[in-house]
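Before any comments, here is the structure.
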Ligand SMILES: [Zn+2]
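Numbering (the working numbering), first residue to last: 143 to 498.
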């Protein structure tokens, strides 16, 4: 049982009220260059959403393989100017006593090769690896396990970018409170909350395994999703950037902006300027249950607003000194210089995912 959420934190909401459709449609991001959301799980194929994307010159990169990958593949085929696609690896069934690593590697590599040939610009490992997937001996599979090595060897040899979401934000291993922006999320998703599960791999164990893979494959471009799960301290990220030239991160998940706000704003701004070639904007916005084409008017407005609001709030935080409201936290923007913004919101994604 996860601990109870303190009452004062429960008042925070993830979204303000959804404005009416006309207001959503007319919202414009004041960038003078095209934008890329480098990390989303967003079908977004209603004509009205695509009009908004065209008007704001926004391209959305969807991440997911297998069943979801089919939707994302169709979107890049039908609308290559509006969507990109990153597939994901087949999760090994290594809990099974009959699991044969070589057979798994062959199938996983053949799946990746097919998706890359179909236009995917990268391959992701999801957080099941590191935190959830167990081996037959009961241990938790880590990303540096020999089972996965042939996959990374293949990506490195074939110039395929890897993106990893292993681990979670540090709040997953911390008590609930004002300085844990994930308190409400984990109180609603207690299975993923690790503070009360000391028998599970700790953040530091998962990060060490992740760093080992970056180091072992120096020619592979390696992107850490969600600030590489080092959102709590820009110094920890800087250490990796200095050590691994093949490492970049995306900023996806706007709760991470709250984590940045807990750090010295001048230092955060300096970090974005110093490492301006290693950071790319992402929203992590998703559409889960049904496609936009099947939604009612209200559902469509809510699903559009989720994306429009995330891009707009991200822009206001990084590009201006306005105060943004994220889940009730009031945060002043860091007003990055124009050339840094263009890298963050566009060119770095193109550089780290060639073919976008
Ligand atoms: Zn994601």
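Ideal placement from N, C-alpha and C gives every residue a C-beta, glycine not left out.
- Contact check for residue 473 against residue 459 passes: the beta carbons are separated by less than 8 Å.
- Residue 179 has its CB no nearer than 7 Å to any heavy atom of ligand 1.
- Closer than 7 Å to some heavy atom of ligand 1: that describes the Cβ of residue 183.
- Residue ranges of uninterrupted beta strand (DSSP E) with 3 or more members, entirely inside the stretch 457-490 and ordered along the chain, are 465-468, 471-474.
- Residue 289 and residue 308 do not touch by the CB rule: their CB atoms are close to 14 Å apart, not below 8 Å.
- A residue is called buried once 16 or more other Cβ atoms fall within 10 Å of its Cβ, and residue 379 is buried on that count.
- Judged by beta-carbon spacing, residue 463 lies within the 8 Å limit of residue 475, meaning their Cβ atoms are closer than that value.
- At least 8 Å separates the beta-carbon of residue 279 from that of residue 211.
- In the three-state reduction of the DSSP assignment, residue 266 falls in the strand class.
- Counting only runs of at least 4 residues, the stretch 391-454 fully encloses the following alpha helix (DSSP H) elements, listed from N- to C-terminal order: 397-403, 407-416.
- 265 is the residue among 413, 169, 196, 265 whose C-alpha sits nearest the C-alpha of residue 496.
- CA-to-CA, the gap between residue 330 and residue 298 works out to about 38 Å.
- Fully enclosed beta strand (DSSP E) runs of no fewer than 3 residues occupy 304-306 of the stretch 284-334, in order along the chain.
- Leaving aside the five residues that flank residue 382 on each side, the residues in its chain whose CB is nearer than 6 Å to its CB run, in chain order, 389.
- By DSSP's assignment, residue 226 forms a beta bridge with 203.
- Beta-bridge analysis with DSSP links residue 182 to 204.
- Around the CB of residue 392, 16 or more other CB atoms lie within 10 Å, so the residue is classed as buried.
- Setting aside the 5 residues that flank it on each side, residue 435 is surrounded in the same chain by 187, 188, each with a C-beta closer than 7 Å to its C-beta; the list follows chain order.
- In the same chain as residue 386, and ignoring 5 residues on each side of it, the C-beta atoms closer than 6 Å to its own belong to 356, in chain order.
- One alpha carbon belongs to residue 238, the other to residue 452, and they sit about 40 Å apart.
- A contact is defined here as three or more CB-CB pairs under 8 Å, and the stretch 248-262 fails this definition with respect to the stretch 320-330.
- Under the three-pair Cβ rule at 8 Å, the stretch 397-410 does not count as touching the stretch 429-445.
- In this structure, residue 205 has its beta carbon less than 7 Å from a heavy atom of ligand 1.
- The three-state secondary structure of residue 370, taken from DSSP, is helix.
- With a cut-off of 7 Å, the C-beta of residue 491 is classified as distant from ligand 1, since no heavy atom of the ligand falls inside that distance.
- Here residue 203 is near residue 179, since their CB atoms are less than 8 Å apart.
- Judged by the Cβ position, residue 304 fails to qualify as a neighbour of ligand 1 at the 7 Å threshold, every heavy atom of the ligand being at least this far.
- Under the three-state reduction of DSSP output, residue 217 falls in the helix class.
- Between the alpha carbons of residue 411 and residue 165 lies a gap of roughly 31 Å.
- Annotated three-state conformation of residue 365 is strand, per DSSP.
- Residue 177 is bridged by DSSP to 200.
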